[in-house]
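The sequence shown begins at 0 in numbering that gives the first Met the number 0 and counts up by one.
Where is the CB? At the ideal position from N, CA and C, for every residue including glycine.
Step one of this worksheet: look at the structure below.
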Amino acid sequence: MTTRSRRQFLATSLQAGLALPALQVLEGVARAGPAPLLRDRSLAARFRDLRRHFIFEYYPWYGGPPGYAHWDFWDRHPPLDIASRYMPRLGAYDVRAKAVLEPQARWIADAGVGAIALSWWGRGSDQDANVPYVMDVMKDHDVKVTFALEPYADYRGQRYASDILYLIEQYGDKRGWDAFLVLKNEDGSEGPVFKGFRCILPRESTDCHGVTRPVDDYTPDAVWRAQTDGLRDALRRDFDHVTLLADSLEFARTPASGFDGIGIYDNNVGPETYAGYAAGASRAGLLFSFNVNPGFDSIVPRTIPDCYAPPAFVPAAAGLDFARADDRERAAQLSQQRIVDSFAGTVQVQTDPALTNARRGFFLVYINSFNEWHEGHAFEPMKDAADLTPAERSLGYHNPARGDYRLATLGRLVQGVLAGGGGSFDRRPRRGLSWPA
């Protein structure tokens, strides 16, 4: 890298009376070596920065008037008719506005979540331009920022290493490491973590008509391996390690491509599958992160493309009629139970001493998502049903009676783990939504 290493930055800051605790941690690790991994200790005892190990997927792509970027996805007409089954509490907002970012950062921090992963679509994109706005406010609320690298171009696999070096230099070095996530493992070793989408792909795909075509953004495993190896070489003096995760369930090609593990985004991958996939990842020597999610309730295109199949509501439920208030509440209860089940599932496999994460002292939970409103899995509060305007009701939004139920449920679960427990839950509610104990 062309700028000072992170360790050099901390050493310089120390001379100015800054960053003493951070430097002492680095020096202590260097003197003492890896700490013993005590499997009978709580997560709170094992990870000094446990809040940082819970990461919201965050989408910095929303714009306000006149264009209403992304709120107009698939032929919607904001600010009333938006690209979501739910009306957010903040309406069709501009992610650059401090009046939006301030409550969002408070909601994230109050839930006990200590980091966000920004959906990133390449240098020069609108999402890249919006990063400083988000980081400035998150910093003020002690929420760290990392990145989820999106498939922004067919050739992006060839730029993987340079993209990550750009992110580290631009939003780590140049900002004095004020908000960039550097995650600590159980032994105190530290480094950044990045997740990539659509990394491990087939060469070809066959459509609904039986026509087989090349996959445009396919990247050969050897190219990925050259990129991941080169990146680690470039960062070797800056961090103890860098953790590179692929959104993949391919347990041969993922390690061959040089990724450290898997970070699963798809909310259709249910918690009942986590144990089996975690075992498969462990056999391949991979770390793993399965998400906490409320399910899936996506909008559909108003102009249906060829071969399109509308996605089902997740978790599966027969006979839901969202025109009925009772069914909207039933959907919310199903969504709440999915949060609980996925939370319990990911914590269980990540603390299993027989599997890779516990053996290596690694723990990481992505929460999908804070604000991906198109797919209907936002934890960001939506409007209470009673607060919808008559015009909003006429558009059939799915808002339940309590618009913050997802965030409230998650917060109680996370806070329970931060306090040294496991996050118990009443699974037999007599009426309406129930809450973690």
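Open item on the list: Starting from Thr388, trace the beta strand (DSSP E) in both directions and tell me its first and last residue.
Closed with: Under the DSSP assignment, Thr388 falls outside any beta strand (DSSP E); it carries neither an H nor an E label.
Task: Residues of its chain near Ala43, where Cβ-Cβ distance is below 8 Å and the 5 sequence neighbours each way are ignored - done: Leu49, Val416, Leu417, Ala418 and Gly419
- [ ] For Ser118, write down the residues that DSSP places opposite it in a beta bridge.
- [x] Ala147
Open item on the list: Using the Cβ count rule (16 or more neighbours within 10 Å means buried), how would you classify His76?
Closed with: exposed
Open item on the list: Threshold first: 3 residues or longer. Then list the beta strand (DSSP E) segments lying entirely within the stretch 177-236, N to C.
Closed with: 192-195, 203-205 and 211-213
Task: Cross-strand partners of Gly262 (DSSP beta bridge) - done: Ser288
Task: Three-state class that DSSP yields for Ala128 in the structure shown - done: helix
Task: Rounded C-alpha distance that separates Arg212 from Ser124 - done: 28 Å
- [ ] Specify the secondary structure class of Glu371 as computed by DSSP and reduced to three states.
- [x] coil
- [ ] In the DSSP assignment, find the unbroken beta strand (DSSP E) run with Ile56 in it and report its ends.
- [x] For clarity, residue 56 is Glu in the given sequence; the question names Ile instead. First-last of the beta strand (DSSP E) with Glu56: Phe53 to Tyr57.
Task: Thr242 versus Pro59, Ala277, Pro293 and Gly360, residue with shortest Cα-Cα distance - done: Gly360
TODO: Compare the Cα-Cα distances from Arg45 to each of Glu371, Leu319, Arg358 and Gly375 and report the closest residue.
DONE: Arg358
Task: Where Leu412 falls: helix, strand or coil (DSSP) - done: Three-state DSSP puts Leu412 in a helix.
Task: Residue nearest to Ala114 in terms of C-alpha spacing, selected from Asp141, Asn129 and Ile167 - done: In terms of Cα proximity to Ala114, the closest of Asp141, Asn129 and Ile167 is Asp141.
Task: 8 Å contact criterion, which Phe196 and Tyr264 should meet: CB distance rounded - done: 6 Å
TODO: Please report how far the alpha carbon of Asn356 lies from the alpha carbon of Val268, in whole angstroms.
DONE: 19 Å
Task: Option in Arg40, Ile54, Ser41 and Arg47 with minimal Cα separation from Val364 - done: Ile54
- [ ] Would you kindly report the start and end of the unbroken beta strand (DSSP E) that includes Ala251?
- [x] Note, Ala251: premise wrong, no beta strand (DSSP E); not H, not E.
TODO: With a floor of 3 residues, list each beta strand (DSSP E) that falls wholly inside the stretch 332-374, ordered by position along the chain.
DONE: 364-366
Task: When Arg95, Glu56 and Trp73 are compared against Thr302, the one with the closest alpha-carbon - done: For the residues Arg95, Glu56 and Trp73, the minimum Cα distance to Thr302 belongs to Trp73.
TODO: Classify Val313 as helix, strand or coil using the three-state DSSP reduction.
DONE: Three-state DSSP puts Val313 in a strand.
Open item on the list: For Arg95 and Tyr132, which I take to be in contact (beta-carbon distance under 8 Å), what is that distance rounded to the nearest angstrom?
Closed with: 4 Å
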